[in-house]
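Notes follow once the structure below has been shown.
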Amino acid sequence: DIDNLQGVVTGTLSISVVTTAQYFLPLLLAAFNKRYPQVDVKLEIGNRDMVYARLREHQDDFYLFSQIPEDVEVVETPFLTNELVVVVPERHELTLLPSVSLARLSHYPFILREPGSGTREVTLKLFQQHGFNLREKMTIASSEAIKQAVAAGLGISVLSRFSLDFGILPGVKVLEVEHFPVRSQWRLVQNANRKPSLLAQAFQQFMLENGGEILLNAVRK
Ligand code: PGA
35 DIDNLQGVVT
45 GTLSISVVTT
55 AQYFLPLLLA
65 AFNKRYPQVD
75 VKLEIGNRDM
85 VYARLREHQD
95 DFYLFSQIPE
105 DVEVVETPFL
115 TNELVVVVPE
125 RHELTLLPSV
135 SLARLSHYPF
145 ILREPGSGTR
155 EVTLKLFQQH
165 GFNLREKMTI
175 ASSEAIKQAV
185 AAGLGISVLS
195 RFSLDFGILP
205 GVKVLEVEHF
215 PVRSQWRLVQ
225 NANRKPSLLA
235 QAFQQFMLEN
245 GGEILLNAVR
255 K
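To convert, count from 1 in the sequence shown and add 34; that's my numbering.
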């Protein structure tokens, strides 16, 4: 049983994660480190396309996505719901409305993530599906910089709720918009063709049993 291997599980765990995971993965790694103190970690952070490329090339033990790739054989461990929400500057006129339609929102300037970002893809697709085009005023390849840009009044954006709950975010508000939040599952992904090490098995089991719980507790605080 993997739980009895505390002293035996050693080595380096290599993980590639999409940008939003940077807000919560350190918490999970801290808890994992408590149980397996002899484990080292190598962490890569990028957009969906970058993490996807690393998955195809068998670069890491694990990958973290909320938008899962379809053409690679993977073993996936879902552990938590992800929610994409609309964020606006604190004093934006739309905050006066109880709920905002996509039609109305499409008249306002948007700040979008770069091509290759899963968040960008989901956002554009949602508007297209309902027959609207977004007014893309700015493209920014960093969710941190997007938060600052929204707070500075540059425009509206779509971000994972995780990037808000774990950050201090003065000047930014979550807007009630029809069809939002857009929900998906956070999944820990392994390449199905790569034999998992003892360490990888320990991490997968840890995430399955504790991943969601640790993060939900952190959000509640
Ligand atoms: P990303 O995240 O926008 O950083 O590519 C995609 C995802 O949540 O899977």
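Built from N, CA and C at the ideal position, the CB exists for glycine as well.
Same chain, Cβ closer than 6 angstroms to residue i, five either side skipped, listed in chain order
i                 : result
lysine 76         : Thr46, Ser48
histidine 164     : Leu136
proline 71        : none
serine 50         : Glu78, Val85, Arg88, Asp94, Tyr97
phenylalanine 196 : Thr54, Tyr57, Phe58
isoleucine 180    : Ile145, Ile174, Ser191
Neighbour-count burial assignment, residue i, 16 or more Cβ in a 10 Å radius
i             : result
valine 253    : exposed
proline 132   : exposed
asparagine 81 : buried
arginine 154  : buried
serine 176    : exposed
threonine 53  : buried
alanine 64    : exposed
leucine 146   : buried
glycine 152   : buried
Residue i vs residue j beta-carbon contact at 7 angstroms
i                 : j                 : result
arginine 221      : phenylalanine 99  : yes
valine 122        : leucine 130       : no
glycine 245       : phenylalanine 144 : no
leucine 249       : phenylalanine 58  : yes
phenylalanine 214 : valine 156        : no
alanine 186       : valine 43         : no
valine 211        : valine 134        : yes
glutamate 124     : lysine 207        : yes
threonine 111     : leucine 242       : yes
Element boundaries [beta strand (DSSP E), containing residue i]
i              : result
alanine 143    : At residue 143 the sequence reads proline, which differs from the alanine that was named. Where proline 143 is concerned, the enclosing beta strand (DSSP E) stretches over 143-146.
proline 112    : 108-123
valine 223     : 216-225
methionine 241 : Neither: methionine 241 is in no beta strand (DSSP E) and is coded neither H nor E.
For residue i, the first and last residue of its enclosing alpha helix (DSSP H)
i             : result
lysine 181    : 177-185
glutamine 163 : 152-163
isoleucine 68 : In the sequence on display, residue 68 carries lysine and not isoleucine. That run of the alpha helix (DSSP H) goes 59-69.
glycine 246   : 246-254
aspartate 74  : Premise fails: aspartate 74 lies in the beta strand (DSSP E), 73-80, not in any alpha helix (DSSP H).
leucine 131   : No alpha helix (DSSP H) contains leucine 131, which DSSP labels as neither H nor E.
Nonlocal neighbours in the same chain, by C-beta distance under 8 angstroms from residue i, ignoring five residues either side
i              : result
asparagine 167 : Ser140, Phe161
alanine 234    : Leu47, Asp95, Phe96, Gln224
serine 231     : Gly45, Asp95
aspartate 74   : Gly45, Thr46, Leu47
glutamate 148  : Asn81, Arg154, Thr173, Ile174, Ala175
histidine 92   : Asn225, Asn227, Arg228
Own chain, CB closer than 7 angstroms to residue i, minus 5 neighbours either side, in chain order
i              : result
alanine 226    : Glu107, Val108, Val109
serine 218     : Ser100, Gln101, Asn116
methionine 172 : Ile145, Ala183, Leu188, Gly189
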